[in-house]
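For reference, the structure discussed in these notes is given below.
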Amino acid sequence: MLVLLFVSVTLLNAFKVLYNERQNPTPYAVPEKEVVLDYDVWLKTKKKQRSLWEKVLSLKPIEQEKDLEIEHAYDGIKELNNPVPTWFNVLFFGTMFFAVGYLFYYHIGGYGDLQDKEYEREMAMAQEEKAAYLEKSANTIDENSVLADNTPVTLEQGKGIFTGNCVVCHGDKGQGLIGPNLTDDFWLHGGGINNIFKTIKYGVPEKGMISWEKNLTPKQISAVANYILSLHGTNPAGAKAAQGEKYDEKDVKDSEMKSVKDSLNQANAAAK
Ligand code: HEC
Numbered sequence: 001m002l003v004l005l006f007v008s009v010t011l012l013n014a015f016k017v018l019y020n021e022r023q024n025p026t027p028y029a030v031p032e033k034e035v036v037l038d039y040d041v042w043l044k045t046k047k048k049q050r051s052l053w054e055k056v057l058s059l060k061p062i063e064q065e066k067d068l069e070i071e072h073a074y075d076g077i078k079e080l081n082n083p084v085p086t087w088f089n090v091l092f093f094g095t096m097f098f099a100v101g102y103l104f105y106y107h108i109g110g111y112g113d114l115q116d117k118e119y120e121r122e123m124a125m126a127q128e129e130k131a132a133y134l135e136k137s138a139n140t141i142d143e144n145s146v147l148a149d150n151t152p153v154t155l156e157q158g159k160g161i162f163t164g165n166c167v168v169c170h171g172d173k174g175q176g177l178i179g180p181n182l183t184d185d186f187w188l189h190g191g192g193i194n195n196i197f198k199t200i201k202y203g204v205p206e207k208g209m210i211s212w213e214k215n216l217t218p219k220q221i222s223a224v225a226n227y228i229l230s231l232h233g234t235n236p237a238g239a240k241a242a243q244g245e246k247y248d249e250k251d252v253k254d255s256e257m258k259s260v261k262d263s264l265n266q267a268n269a270a271a272k
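Quick note: the sequence shown uses our numbering, first residue 1, plus one each step.
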């Protein structure tokens, strides 16, 4: 409604103007005589203000060309003694100041690191970042991504964890007490780093082996699992009798390959 009202009022006004104009038209305005500018006058006022561009390039107005001419000519070709442009001077002296500052900062005062030192510093920083990254990624290890690792650092750490948490049930040499012997070829829940990691992580609560997920970090589980791997074949005194199935990494790999092949064959047969 408002819009309609607005449009109506506007239209009404427009018609009023039209009507008035028709009744007594406004006479045409007679154009005043144009003021013709004197070209030379115009040129003078114009030339007085030099543009920023002309200032930066230190350009001289064309009327001053005569003053700039150098007194020699060759085949009628003359040379102008134009001033050096401001921008060039700024740049030129700027480099000098920069060089002095640079020399003082890096070579005399020794405030900044030279290239080789800077390289070393950045490499050290990268090394730290890498270590932090590895530390972080180590704590995301799970039973699928865990890797066998027999470096002394890992085994030492694993031994510490084993001594602190596991000997009561598995014996100080892994020979087995309440828990099974961890040094032989036989495993209740599978040997190899992945299976061992899994058993430690989730435990077998109904059989008395607790889950260590809450008490040990993935990295610690990985270390103790690797330590157990390193006990394999040590044959400690008083070793508990074998329990479970014989585990051979190669057999497992072969049987895994075999089952992959079998399923492929089955898929092929089904496709036929
Ligand atoms: C309270 C006693 C107890 C403690 C402590 C204990 N375990 Fe066990 N563990 C057992 C028992 C019992 C079994 C056998 C479970 C079964 O019969 O399925 C076992 C099984 C295992 C197995 C699987 C062995 C196989 O044959 O598959 C591994 C590996 C293992 N423990 C590692 C550890 C580690 C590492 C620790 C210390 C962080 C630990 N255990 C602490 C009692 C314990």
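Yeah, the Cβ is synthetic: ideal placement off N, Cα and C, and Gly gets one too.
- Counting C-beta atoms within 10 angstroms of its own C-beta, residue 25 has fewer than 16 neighbours from the protein chains shown and is therefore classed as exposed.
- Of the heavy atoms belonging to ligand 1, at least one sits nearer than 7 Å to the Cβ of residue 207.
- Not one heavy atom of ligand 1 sits closer than 7 Å to the Cβ of residue 234.
- Distance from the C-beta of residue 226 to the nearest heavy atom of ligand 1 is not below 7 Å.
- Look at residue 73 here: in three-state DSSP terms it is strand.
- Rounded to the nearest angstrom, the gap between the Cα atoms of residue 243 and residue 153 is 30 Å.
- Within the same chain, and ignoring the five residues on either side of residue 57 in sequence, the residues whose Cβ sits closer than 6 Å to its Cβ are 85.
- Judged by DSSP secondary structure, residue 87 falls within the alpha helix (DSSP H) whose first and last residues are 86-102.
- For the pair of segments examined, the stretch 146-164 was found to touch the stretch 218-231: the number of CB pairs separated by less than 8 Å reaches three.
- Exclusion of the five residues before and after residue 249 leaves 192 as the residues of its chain whose Cβ lies within less than 6 Å of its Cβ.
- Residue nearest to residue 247 within the set 185, 266, 66 and 195 is 185 (criterion: CA-CA distance).
- For residue 243, the distance from the CB to the nearest heavy atom of ligand 1 is below 7 Å.
- In the three-state scheme derived from DSSP, where H, G and I count as helix and E and B as strand, residue 246 is classed as strand.
- In terms of side-chain proximity, the C-beta atom of residue 189 is found nearer than 7 Å to a non-hydrogen atom of ligand 1.
- Membership of residue 212 in any alpha helix (DSSP H) is not indicated, and neither H nor E is assigned to it by DSSP.
- DSSP places residue 234 outside any alpha helix (DSSP H), giving it a letter other than H or E.
- Here the distance from the Cβ of residue 165 to the nearest heavy atom of ligand 1 is below 7 Å.
- In terms of side-chain proximity, the C-beta atom of residue 193 is found no nearer than 7 Å to any non-hydrogen atom of ligand 1.
- Separation of residue 145 and residue 118 (C-alpha to C-alpha, rounded to the nearest whole angstrom) is 37 Å.
- Look at residue 33 here: in three-state DSSP terms it is coil, with no helix or strand label.
- At a cut-off of 7 Å, the beta-carbon of residue 146 does not count as near ligand 1: no heavy atom of the ligand is closer than that.
- Listed in chain order, the non-local C-beta contacts of residue 232 below 7 Å within the same chain comprise 183, local neighbours out to five positions each way being set aside.
- The DSSP-derived three-state label of residue 79 is strand.
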